[in-house]
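So the structure is just underneath, and the comments pick up after that.
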Amino acid sequence: MTKSILITGAAGNIGGKLSAHFKGAGDYDLRLLDRMAGDGIVAADLADYGGHWPRLLEGVDTVLHFAGEPNGNANWASVLRGNVTATQHVLRAARAAKVRRVVFASTNQVMLGYRFREGPVTTDMPPAPLSPYGISKLCCEQMGRAFVEETGIDFLALRIGYFQRGENRPGPHMLIGEWGQSMWLSNRDMIQAAERAIAAEPFGFAVVNLVSNNLGMRWDIAHTREIIGYVPLDSATPVIDDTARATDALARQATIVPGTWFDENFAVVEG
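Here the sequence shown stands for residues 1 to 271, where the numbers follow full-length UniProt numbering.
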């Protein structure tokens, strides 16, 4: 049976790869939204609820909400508009359209504070974001929780790992040292996770980690398997060279002297 899928951020890194995949899959009626119009893509500013785009959710089965501020170092103004306000509007439109499910692109940055601690990182641990970006994604997850309680519509937050543009090869070129390499997510695993998120049995509200099966990774994906049946197809072994060690050392020092997200550079109103 053909399912109607709406993808926001359809021209972005993740959304673009998902759009290309589902276009070729043949089992989906696709509706694509992004800030700029393109091949089969409707232009939509999700931070502005007015206009035509909310009506495009009518008749949709699943919304893959992958639009948002792409810069993990963005300031408060950018993440409030691009992540928080836009997500609130998507949920508002999803409620009005009575869709079956919303799948939200969250981030492992919600748990960045666990980088230099020991043990597995699970989704039932207290969140520990260290940036406006991570905090905004956590806020969106909590909006999703309230959304499920109000509407009964499924909401799944995927805490996505390190997902690069293009071929997305793992290796020491990746930023964030060993931590970054260990949370690599392959193109194939991202795509299969999206497919499984669409097809999964009802789950209400859920937050899951999404990384490939990387050697030494601390992200618990047992819950991901339980909720959507995700089993990674790919894996990588982190390469720890001098650059990775230096990156980890600087990051460890930054966690000892935190506070960058309180600085004026992250102010809502700048200048």
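Glycine included, every Cβ here is placed at the ideal spot set by N, Cα and C.
Mind checking whether residue i and residue j have CB atoms under 8 Å apart?
{"i": "Gly-161", "j": "Asn-213", "result": "no"}
{"i": "Ala-206", "j": "Leu-156", "result": "yes"}
{"i": "Arg-100", "j": "Ile-153", "result": "yes"}
{"i": "Asp-189", "j": "Thr-122", "result": "no"}
{"i": "Arg-31", "j": "Leu-6", "result": "yes"}
{"i": "Leu-210", "j": "Met-143", "result": "no"}
{"i": "Asp-61", "j": "Ser-4", "result": "yes"}
{"i": "Gly-166", "j": "Val-239", "result": "no"}
{"i": "Thr-237", "j": "Tyr-230", "result": "no"}
{"i": "Val-42", "j": "Leu-57", "result": "no"}
{"i": "Gly-82", "j": "Val-148", "result": "no"}
{"i": "Tyr-49", "j": "His-89", "result": "yes"}
Contact defined as beta carbons within less than 8 Å: I believe residue i pairs with residue j. What is the distance between those atoms, to the nearest angstrom?
{"i": "Ala-67", "j": "Gly-9", "result": "3 Å"}
{"i": "Ala-193", "j": "Leu-158", "result": "7 Å"}
{"i": "Ala-74", "j": "Tyr-133", "result": "6 Å"}
{"i": "Ala-128", "j": "Tyr-114", "result": "6 Å"}
{"i": "Trp-53", "j": "Ala-47", "result": "That pair is no contact at about 11 Å."}
Buried or exposed: where does residue i fall if 16 or more other Cβ atoms within 10 Å of its Cβ makes it buried?
{"i": "Pro-126", "result": "exposed"}
{"i": "Leu-130", "result": "buried"}
{"i": "Met-1", "result": "exposed"}
{"i": "Asp-34", "result": "buried"}
{"i": "Arg-218", "result": "buried"}
{"i": "Gly-16", "result": "buried"}
{"i": "Gly-12", "result": "buried"}
{"i": "Phe-163", "result": "buried"}
{"i": "Asn-216", "result": "Residue 216 is actually Gly in this sequence, not Asn. Exposed is the call here."}
Just checking residue i against the ligand FMN - is the residue's beta carbon closer than 7 Å to any of the ligand's heavy atoms?
{"i": "Tyr-28", "result": "The model on display carries no ligand, and the ligand FMN is accordingly not part of it."}
So, does the segment 170 to 188 touch the segment 125 to 139, judging by three or more C-beta pairs under 8 Å? no
Can you check the segment 57 to 96 for any beta strand (DSSP E) of at least 3 residues that lies completely inside it and give the ranges in chain order? 62 to 65
Where are the alpha helix (DSSP H) runs, 4 residues long or more, that stay fully inside the segment 104 to 188, in chain order? 132 to 151, 177 to 182
Segments assigned beta strand (DSSP E), at least 3 residues, entirely inside the segment 186 to 241: 205 to 210
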